[in-house]
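Just so we're aligned: 82 in numbering that gives the first Met the number 0 is position 83 of the sequence shown, and the numbers increase by one with no gaps anywhere. Virtual Cβ for every residue (Gly too), placed ideally from N, Cα, C. Below: one structure, written as structure tokens.
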Amino acid sequence: MADALKNMPVLALALVAAFMWVQRLREAESGESPESGGVVSPSYGWLGPEGAYPGYPWLDQEPDPAASLHRRFSPPAGFARKPVPAGSFGEWLRCLPLRPGRGVVRLFDGSEKSDQGSHAAVIDIETGDSDLQQCADSILRLRAEYLWFLGRSEAIRFRFTSGDLAPYEDWRLGFRPVVTGAAVSWLRQEPRDDSYASFRLYLDRLFTYAGTLSLERDLSAVGSIDDLEVGDVWVRGGSPGHAVLVVDMVEHLRTGEKAFLLAQGYMPAQDIHVLARPGGDGDPWFRFPDDGVLATGSWSFEARHLRRF
């Protein structure tokens, strides 16, 4: 009897956990709960360590939480979002602001992209007025924006295609890259500038000399598709190459199958957009197929192309 009493709290917790799991399963299968899976609350109101960095500093005003990526796209029936740590890159991506409706993908010069059928949504972020922010650059942009928002300037360090490091810390202290042939040196040419405008200029310089080859080198291989996380990158380094970013992920509550949303930039430089799944009939959630080849419509990737920051 004493042993039974000792086990009562454990049994009670097990019953509560089982009840919650069943509730989640019912909600996911009914498609009534876009927040199922424990999505952390949106972080639009966050500030960086010094109170200087709003969550999405390129915006002129605080975005509408209802227009965020994770509210726009509900998990498919039977799936639920896998919780991500508060403040993580994964949460920041899930809460990215989207433009109204499906949106129109525009090129850097303001003209409409000829193919308007390959996207499910457009992320509310400017492209710049030069043909710089292409596929790998779009992923570097989002990663760098997240780190800048956190005040982690020392972590904003990516490689040029030459292999040379391009640290933002040096840039904000006034150093600028000088390219002579294949050699890159950093010389102090400007006063220190911690402003967002200067950070944005750093990104344009990075985009000039970075690409899929350098992005691939900056990332670590992910051992298995089973380890997929929000924020992972499918990248094929080359000239040309291509890269797409996992901006959200859900799991099937019975089978554990993963489904994920992909975002990309492209050539010429254009709005970063959430991809529509080819043949998905309006369902943008990709699954990794049994044949081991992920087809996005314009490129294909294998498990060996999966990388992580």
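Check	Outcome
Is it buried or exposed for Pro239, if we count other Cβ within 10 angstroms and need 16 for buried?	exposed
Curious, which full-length alpha helix (DSSP H) runs of at least 4 residues does the segment 69-146 contain?	88-93
Any contact of the segment 84-91 with the segment 266-282, i.e. 3+ C-beta pairs under 8 Å?	no
Taking the alpha helix (DSSP H) that Thr207 falls in, what are its first and last residues?	Tyr195 to Tyr208
With 16 as the cutoff for other CB atoms within 10 Å, does Gln133 come out buried or exposed?	buried
Measuring CA to CA, which of Trp233, Gly278, Arg286 and His272 is closest to Gly255?	Arg286
Roughly how far, in whole angstroms, is the beta-carbon of Phe198 from the beta-carbon of Trp147, given that I think they are within contact range, below 8 Å?	6 Å
Tell me the DSSP secondary structure of Thr211 in three-state form.	helix
Given a cut-off of 9 Å on the beta-carbon distance, is the pair Leu309 and Leu68 in contact?	What the structure shows of the chain is the stretch from 0 to 308, and residue 309 is not part of that stretch, so it cannot be assessed.
Could you give the uninterrupted runs of the alpha helix (DSSP H) lying entirely in the segment 207-266, keeping only those of 4 residues or more?	211-217
Would you kindly report the start and end of the unbroken beta strand (DSSP E) that includes Arg171?	Here Arg171 belongs to no beta strand (DSSP E); instead the alpha helix (DSSP H) covers Tyr167 to Arg171.
Measure the CB-CB distance between Arg360 and Ile122 and report whether it falls below 9 Å.	Nothing about residue 360 can be reported from this structure: the residues present for the chain run from 0 to 308 only.
So, using beta-carbon positions, are Leu274 and Gly291 closer together than 9 Å?	no
I need the DSSP call for Leu149, collapsed to helix, strand or coil.	helix
I'd like the list of long-range same chain contacts for Ser299, defined as Cβ closer than 7 Å, with 5 residues on each side in sequence excluded.	Val292 and Leu293
When the Cα atoms are used, what is the spatial distance from Gly237 to Ala182?	21 Å
Relative to the alpha-carbon of Arg191, which residue among Asp169, Gly210 and Arg204 has its alpha-carbon at the smallest distance?	Asp169
Using a Cβ-Cβ cutoff of less than 6 Å, which residues in the same chain neighbour Gly210 once the five nearest sequence positions on both sides are dropped?	Ala135 and Thr160
Distance, Cα to Cα, Gly145 vs Pro288?	Sequence inspection shows Tyr at residue 145; the Gly mentioned does not correspond to that position. When rounded, the distance between both Cα atoms is 31 Å.
If distances are taken between C-alpha atoms only, which option among Leu149, Ala154 and Ala196 comes closest to Gly127?	Ala196
What is the DSSP secondary structure of Arg303, counted as helix, strand or coil?	helix
Is the CB-CB distance between Val234 and Asp247 below 9 Å?	no
Which of the three DSSP states, helix, strand or coil, is assigned to Ala181?	coil
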